[in-house]
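**Q** Okay, here's the structure, questions in a sec.
Written out as C-alpha cells, the structure is:
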C-alpha cells in the first residue's frame, strides 16, 4: 500500500478532504523525522514506538579489495510494534491465507 492509497483510505473513512489528510500525514512524518533527528523517541500507545537504535563501532571487510574499514558508532531509525499491534497481525485471517502451506 502506498502513501497515496493510505491518504485515500483515511479520506474515505473520515470524510475529510484528501488535501487536509495529506497535510496532516506529511506533518506527522516531519514531526517524527525531526524529533528522531534530535534524539527523541516517539511512543504511540497501541501502535508502536519509533526509536533510535545504537549501532556499535565495528570493523567491516571489503572482500573485493581485501581491506578492512572501520564503521563508527552510529544510530539508525527503527520501529518496534506494540503488543496490541503484533497480536492483531498474528490473529489476522488474511495473513494466514497468504502464508505458505507446509
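In the numbering used here, the protein residues as written are 15 to 116.
Ideal Cβ positions, reconstructed from N, Cα and C, are used throughout, including at glycine.
The structure presented is a predicted model; accordingly, all values stated were derived computationally and were not measured.
Do you know offhand how far residue 66's Cα is from residue 32's?
**A** Working through the chain shown from its first residue, we reach residue 66 at position 52. Working through the chain shown from its first residue, we reach residue 32 at position 18. Those two C-alpha atoms are separated by around 31 Å.
**Q** Taking the C-alpha atoms as reference points, what is the distance between residue 77 and residue 16?
**A** Along the chain shown, read from residue 1 onward, the residue named residue 77 stands at position 63. Along the chain shown, read from residue 1 onward, the residue named residue 16 stands at position 2. Going from the Cα of residue 77 to the Cα of residue 16 covers about 37 Å.
**Q** Per DSSP, what are the beta-bridge partners of residue 16 in this structure?
**A** The residue you call residue 16 lines up with position 2 of the chain shown. Answer by DSSP bridge pairing: none, since residue 16 is not bridged.
**Q** Per the DSSP calculation, residue 43 is bridged to which residue(s)?
**A** Start at 1 with the first residue of the chain shown, and residue 43 comes out as number 29. Paired residue(s): none; residue 43 is not in a bridge.
**Q** Please confirm if residue 60 has its CB atom under 9 Å from at least one CB of chain D.
**A** Considering every chain present, this structure includes no chain D. It has just one protein chain.
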